[in-house]
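Before any comments, here is the structure.
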Amino acid sequence: MKKYILCFILLWVSLSAFAESQCFIATENNRALQKEGDCATRHAPCSTFKIAISLMGYNEGILIDATHPVYPFKKGYVDYIPSWTQDQNPTTWIKNSCVWYSQLITQQMGLPRFQEYVTQFHYGNEDVSGDKGKNNGLTQAWLSSSLAISPQEQVVFLQKMLEGKLPISEQSVQMTKQILFIENIADGWALYGKTGTGHVVNEADPSDETKPIGWFVGWLEKGDRKIFFAQYSQEDKPSDDPESQKAKALAYAKLGQLIGYTLRI
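Using the working numbering, the first residue of the sequence shown is number 2, and each one after it goes up by one.
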């Protein structure tokens, strides 16, 4: 907790100096409640794209409910986070932000269907080609690769999802909503969202991962009220702490100000 608070304070102090690499946007009823920084530039969605993959997976019948299917970890899967080296279901997939579970879903769909969903969702630049020359879009497009989306587009996508304006079933939306739930907050508010961590894409040097990026996107809900938000954070040098947690800390502080309640990670 102290570490996250310290990260938040340091980022808050430096926010004005790095306005070009930060954005926070919150909307309600198509009206901007707060908008800071550059919210129009597109960036790799990283694990926030799991929201879209969840919608696809449930709509295709690949995902069944909050706990099924259970896929076992196998040697050769992406395993650099300890929590990924165990069996996963839809709930733990989102909680642990497990990359290989996402890849199993997209591979079962196949590239043509995957591209069709991304196009119909109007998701960012809609580019799922993947790393240049590697033909790996089905498993890598959203992971600091070809796919990119802006913070304001993230907000629009979430709003369309909850308003039933995407070409998917209501059941797919409700199941996705269920696994995105984070916590109930005071005064009847509930928080839903997803973090994402990656790096700035350097087309000249694809191996360059020196500029970390972080996301926290989602919505606050209370009765018929919904406040959609997206926080994007970027640094110009590597950091020991996940950039997604810094984005989340920033968003928590700003969301708390909007509803008049202190949110704590």
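The beta-carbon is built from N, C-alpha and C at its ideal position, and this holds for glycine as well.
Exercise for review: Label Y59 either buried or exposed according to how many other C-beta atoms from any shown protein chain fall within 10 Å of its C-beta, with 16 as the threshold for buried.
Suggested key: Within the sequence shown, the letter at position 58 stands for residue 59. Classification for Y59: buried.
Practice item. With a threshold of 16 other CB atoms inside 10 Å of the CB of Q121, please say whether the residue is buried or exposed. Key: In the sequence shown, the residue the question calls residue 121 occupies position 120. Per the 10 Å Cβ criterion, exposed.
Review point. Thinking C-beta only, is S234 closer than 9 Å to Q23?
Key: Numbered from 1 along the sequence shown, position 22 holds the residue referred to as residue 23. Numbered from 1 along the sequence shown, position 233 holds the residue referred to as residue 234. For Q23 and S234, yes; Cβs fall inside 9 Å.
Review point. Does the Cβ of E171 have 16 or more other Cβ atoms within 10 Å, making it buried, or fewer, making it exposed?
Key: Residue numbering aside, residue 171 sits at position 170 when the sequence shown is read from its first letter. Under this definition E171 is an exposed residue.
Check your understanding: Of all the options K135, A142, K227 and P91, which has the alpha carbon lying nearest to the alpha carbon of E164?
Key -> For the purposes of this step, residue 164 is taken as the residue at position 163 of the sequence shown. That would be K227, whose Cα lies nearest to the Cα of E164.
Review point. Where E117 and G131 are concerned, what is the direct C-alpha to C-alpha distance, given to the nearest angstrom?
Key: In the sequence shown, the residue the question calls residue 117 occupies position 116. In the sequence shown, the residue the question calls residue 131 occupies position 130. Rounded to the nearest angstrom, the two C-alpha atoms are 15 Å apart.
Practice item. Specify whether the stretch 178 to 198 and the stretch 216 to 227 touch according to this definition: at least 3 beta carbon pairs, one from each stretch, less than 8 Å apart. Key: yes
**Study point:** Supposed close pair F229, V156 - CB separation, criterion 8 Å
**Key:** Numbered from its first residue, the sequence shown carries residue 229 at position 228. Numbered from its first residue, the sequence shown carries residue 156 at position 155. Their Cβ separation, rounded to whole angstroms, is 5 Å, which keeps F229 and V156 in contact under 8 Å.
Check your understanding: Pairing CB atoms from the stretch 44 to 57 with CB atoms from the stretch 124 to 143, are three or more of them under 8 Å?
Key -> yes
Check your understanding: I think P152 touches I26, with their Cβ atoms under 8 Å apart; what is that distance to the nearest whole Å?
Key -> Along the sequence shown, one-based indexing puts residue 152 at 151. Along the sequence shown, one-based indexing puts residue 26 at 25. That pair is a contact at about 5 Å.
Practice item. Could you please give the first and the last residue of the uninterrupted beta strand (DSSP E) stretch that includes V218? Key: The residue given as residue 218 occupies position 217 in the sequence shown. Where V218 is concerned, the enclosing beta strand (DSSP E) stretches over P213 to K223.
Exercise for review: Note down the Cα distance separating E1 from K76, rounded to an integer number of angstroms.
Suggested key: With the chain running from 2 to 266 in the structure shown, residue 1 is simply not present.
Practice item. Mark K255 as exposed unless 16 or more other C-beta atoms lie within 10 angstroms of its C-beta, in which case mark it buried. Key: Along the sequence shown, read from residue 1 onward, the residue named residue 255 stands at position 254. It counts as buried.
Practice item. Would you list the one or two residues that DSSP bridges to K36? Key: Taking the first residue of the sequence shown as position 1, residue 36 is located at position 35. As a beta-bridge residue in DSSP terms, K36 pairs with I26.
Exercise for review: Report yes or no: is there a C-beta of chain D within less than 9 Å of the C-beta of T28?
Suggested key: Here chain D cannot be found, since the structure has a single protein chain.
Check your understanding: How close, in whole Å, do the beta carbons of S147 and D128 come, if the pair is a contact with beta carbons under 8 Å?
Key -> Position 146 of the sequence shown, counted from the start, is the residue given in the question as residue 147. Position 127 of the sequence shown, counted from the start, is the residue given in the question as residue 128. About 4 Å; that satisfies the 8 Å criterion.
Exercise for review: In the DSSP assignment, find the unbroken alpha helix (DSSP H) run with E171 in it and report its ends.
Suggested key: Here residue 171 refers to the residue found at position 170 of the sequence shown. From DSSP, the alpha helix (DSSP H) with E171 extends over E171 to L181.
Exercise for review: Measure from the alpha carbon of R32 to the alpha carbon of each residue in M110, Q160, M176 and P83, then state which is nearest.
Suggested key: If you number the sequence shown from 1, residue 32 lands on position 31. When each option's Cα is compared against that of R32, the closest is Q160.
Review point. What are the uninterrupted segments assigned as alpha helix (DSSP H) that are 4 or more residues long and contained completely in the stretch 39 to 99, given in chain order?
Key: 51 to 61 and 91 to 97
Check your understanding: Based on the DSSP secondary-structure assignment, which residues constitute the bridge partners of R114?
Key -> For the purposes of this step, residue 114 is taken as the residue at position 113 of the sequence shown. DSSP output for R114 lists no bridge partner at all.
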